[in-house]
């Protein structure tokens, strides 16, 4: 797809006000967009899988990648995490209390292998079926939660952040997280509230300048209040998909998720692509004083290299 | 049992040096005491239960307390946690980042009902069978982990702390934790390393003065190193007993345990008695500059009232 400069000039309505100064009348508002929008398009997901994604806001596909391919991807991750040129750069984020790398961003530009993976039909095709258009990569990263040292993160909707801080207008994005280590009960697996993707929970508190420098380590702004979370968990429960390395978790941009600290010796890592629709490209932030840096927000057709 | 002043005067050998200035030659040393020492004594535990405790260092008894008795105990806990006279006292410890009560100590003195419970044969009788003598209560507390706000704690052996900071000579103590709320995967249940009670892992770092003011909120001294933890988890694994309110967890004083944050709306609470042998009463701390306050360390036959 080509860039659409006219879309940038058009005034963009804020369908999801957030980072509010005072508590809103309602704990949440209903989602305005369909969840699965490309059932008629080509792609790897079955009708049953699309139904499950629509209902829960996520879909876990165990053992999608195995054997030699998995081994190569794990080696690639290791090489990227240990790359001397990537240390102490803005796109590599360390743990709040140590110098261990927690997230490495823009990995589909940093690595040819991961650039190819981002275009792989098993990932991009699934995204096409879900968002209903040819996807582009809005963000990519490797998350790494070291044994014993990896902290968790609070409940949040990614869309809430991308809308407030990056100017993503609508809920037309999906994340694909390929787990590269076994995920079990004790190494801080992703927890999700199934069904929460149907509700947008506005968050209290204005966004500080350069919030990402803090929020990528430990998010404090853009976190739903306890009352909304309590009602949603009481209604929908919590699920934590677990499984062997090579499983793929697809999850909607607005599903609430969190994770706990890694209290086991086993690291937990994944490679993560966010697919967005070109007609939903990011504009001016809806609730933040400045744009975030380029390693967090790639426009359609972007090229990016570390500065 | 009566106090034994002669035991106080005898020089006490330090069988378990810890809080070391430099790394020891070995990651751990073997335990010197038997685990189950009163098989011939009266008590509620079966031979199979004692075998399981001996092997794993803990035993979970689901649904020990039910119905009206459980309801009354939950009401008693609530009343204690909400008691105005207990706020901002040294024996009530708040969360590291909020004013919510995390632990309330000396509860068998604060509450007649819990004082009776501490003597209840289902608890004290089990302790007798394990430690091999008529037990006294070395410490008691209610732990409360509020929904969303409750933090976890790092891997540690209670005995390591009691030995270093309270002067408990030997491994002759057992904890009885009655869970008063349902324990599930997402509200930060206790995790244990089964079998780790057979090894004493000395910890690095000298104990600061008044360490308990910090350690009861978030423990940083008295935490085993990552190499010992990795080897122990790789050998023994991790277990997290879960179940309905009313279950009882008995665990050895030296079994390594930890817990994660509570990411669910459901609070997690328990009432907790530590039973010790009168001939193992606490002496001078083995590795700390001062004794800890009385609400943490009760001698045999003690009476205690809040000051």
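Protein chains in written order, with the working numbering: chain A, 32 to 338; chain B, 32 to 338. For every residue, glycine included, the Cβ atom is placed at its ideal position computed from N, Cα and C.
Within the same chain, show all residues whose beta-carbon is closer than 6 Å to that of residue 339 of chain A, passing over the 5 residues directly before and after it, in chain order.
No answer is possible for residue 339 of chain A: the residues shown for chain A start at 32 and end at 338.
If the cut is a Cβ gap below 7 Å, which residues of chain A does residue 291 of chain B touch?
Those within 7 Å of residue 291 of chain B in chain A are 291, 292 and 294.
Under 9 Å Cβ-Cβ, which residues of chain A neighbour residue 166 of chain B?
The premise fails here: residue 166 of chain B is roughly 30 Å from chain A at the closest Cβ pair, so nothing lies under 9 Å.
Hey, could you find the ends of the beta strand (DSSP E) residue 283 of chain B is sitting in?
Counting along the chain, the beta strand (DSSP E) containing residue 283 of chain B begins and ends at 279 to 283.
Would you say residue 286 of chain B lies against chain A (beta-carbon separation less than 7 Å)?
Output row for residue 286 of chain B: interface = no.
Is any beta-carbon of chain B found at less than 7 Å from that of residue 264 of chain A?
Yes, residue 264 of chain A counts as interfacial toward chain B.
Does the stretch 120 to 131 of chain B come close enough to the stretch 147 to 165 of chain B to have 3 or more Cβ pairs within less than 8 Å?
These segments do not touch.
How big is the Cα-Cα spacing for residue 287 of chain A and residue 54 of chain B?
So the two alpha carbons sit approximately 44 Å from each other.
Quick one: which residues of the stretch 267 to 281 of chain B get their C-beta closer than 8 Å to a C-beta of chain A? List them in chain order.
Taking 8 Å as the Cβ-Cβ cut-off, the stretch 267 to 281 of chain B approaches chain A at 269 and 271, given in chain order.
According to DSSP, which residues form a beta bridge with residue 173 of chain A?
According to DSSP, which records beta bridges pairwise, residue 173 of chain A is partnered with A:135 and A:302.
Can you pull the chain A neighbours of residue 222 of chain B, defined as C-beta to C-beta under 8 Å?
Annotation: Cβ neighbours of residue 222 of chain B in chain A (cutoff 8 Å, chain order): 217 and 294.
Are residue 179 of chain B and residue 47 of chain B closer than 7 Å when you measure CB to CB?
Cβ atoms of residue 179 of chain B and residue 47 of chain B: not closer than 7 Å.
Please classify residue 33 of chain B as buried or exposed, where buried requires at least 16 other C-beta atoms within 10 Å of its C-beta.
Low local confidence applies: a pLDDT of 36 at residue 33 of chain B is under 50, so the model's placement there is unreliable, with the coordinate-based value given in what follows. Per the 10 Å Cβ criterion, exposed.
Tell me the rounded alpha-carbon separation between residue 280 of chain B and residue 193 of chain A.
Taking the straight line joining both Cα atoms gives about 44 Å.
Does the beta-carbon of residue 155 of chain A have 16 or more other beta-carbons within 10 angstroms, so that it is buried, or is it exposed?
Under this definition residue 155 of chain A is a buried residue.
Exposed unless 16 or more other CB atoms sit within 10 angstroms - verdict on residue 61 of chain B:
Exposed is the label assigned to residue 61 of chain B, since fewer than 16 other Cβ atoms lie within 10 Å of its Cβ.
Could you tell me whether the Cβ of residue 179 of chain A comes closer than 7 Å to any Cβ of chain B?
Proximity of residue 179 of chain A to chain B, defined by a Cβ-Cβ separation below 7 Å, is satisfied.
Could you list which residues in chain A have their beta carbon closer than 9 Å to that of residue 58 of chain B, in chain order?
Within 9 Å Cβ-Cβ: nothing; residue 58 of chain B doesn't reach chain A, min ~13 Å.
Chain A contacts from the stretch 315 to 337 of chain B (Cβ-Cβ distance under 7 Å)
The stretch 315 to 337 of chain B vs chain A, Cβ under 7 Å: nothing.
DSSP three-state call for residue 34 of chain A: helix, strand or coil?
Confidence at residue 34 of chain A is low in this model, with a pLDDT of 41, below 50, so its placement is unreliable and the value that follows should be read with caution. Coil.
First and last residue of the beta strand (DSSP E) that includes residue 206 of chain A?
Boundaries of the beta strand (DSSP E) around residue 206 of chain A: 204 to 210.
Chain-order list of residues whose beta-carbon lies under 7 Å from that of residue 195 of chain A (same chain, five-residue window excluded)
The residues 49, 50, 238, 253, 316, 317, 318 and 319, in chain order, have a CB closer than 7 Å to that of residue 195 of chain A in the same chain once the five nearest residues on each side in sequence are set aside.
So, with DSSP's three-state summary, where would you put residue 261 of chain B?
Residue 261 of chain B sits in a helix when the DSSP states are folded into three classes.
Neighbour flag for residue 261 of chain A against chain B, beta carbons, 7 Å
Output row for residue 261 of chain A: interface = yes.
Can you say whether residue 113 of chain A is buried or exposed, counting buried as having 16 or more other CB atoms within 10 angstroms of its CB?
Exposed is the call here.
Are the C-beta of residue 257 of chain A and some C-beta of chain B separated by less than 7 Å?
Residue 257 of chain A counts as touching chain B.
Any heavy atom of the ligand FAD closer than 6 Å to the CB of residue 52 of chain A?
The model depicted lacks the ligand FAD and carries no ligand whatsoever.
Using only alpha-carbon positions, find the residue among B:221, B:314, B:157 and B:255 that is nearest to residue 305 of chain B.
Comparing alpha carbon positions, the residue from B:221, B:314, B:157 and B:255 closest to residue 305 of chain B is B:157.
Quick one: which chain A residues come within Cβ less than 8 Å of residue 183 of chain B?
Neighbours of residue 183 of chain B in chain A, taken as residues at a C-beta separation under 8 Å, are given in chain order as 291, 292 and 294.
What whole-angstrom Cβ distance do residue 302 of chain A and residue 221 of chain A have, given they're in contact under 8 Å?
Between the beta-carbon of residue 302 of chain A and that of residue 221 of chain A there is about 14 Å, and that puts the pair past the 8 Å contact cut.
Determine contact between the stretch 265 to 283 of chain A and the stretch 83 to 95 of chain A, defined as no fewer than three beta-carbon pairs at a distance below 8 Å.
Output reads yes: the stretch 83 to 95 of chain A touches the stretch 265 to 283 of chain A.
Can you tell me where the alpha helix (DSSP H) holding residue 162 of chain B begins and where it ends?
Unbroken alpha helix (DSSP H) run through residue 162 of chain B: 157 to 162.
Looking at the structure shown, is residue 335 of chain A part of a helix, part of a strand, or coil, going by DSSP?
Residue 335 of chain A carries a coil assignment under DSSP once its states are collapsed to helix, strand and coil.
Compute the Euclidean distance between the alpha carbons of residue 259 of chain B and residue 271 of chain A, then round it to the nearest angstrom.
If you take the alpha carbons of residue 259 of chain B and residue 271 of chain A, they lie about 28 Å apart.
Please classify residue 331 of chain B as buried or exposed, where buried requires at least 16 other C-beta atoms within 10 Å of its C-beta.
Its Cβ being crowded by 16 or more others within 10 Å, residue 331 of chain B is buried.
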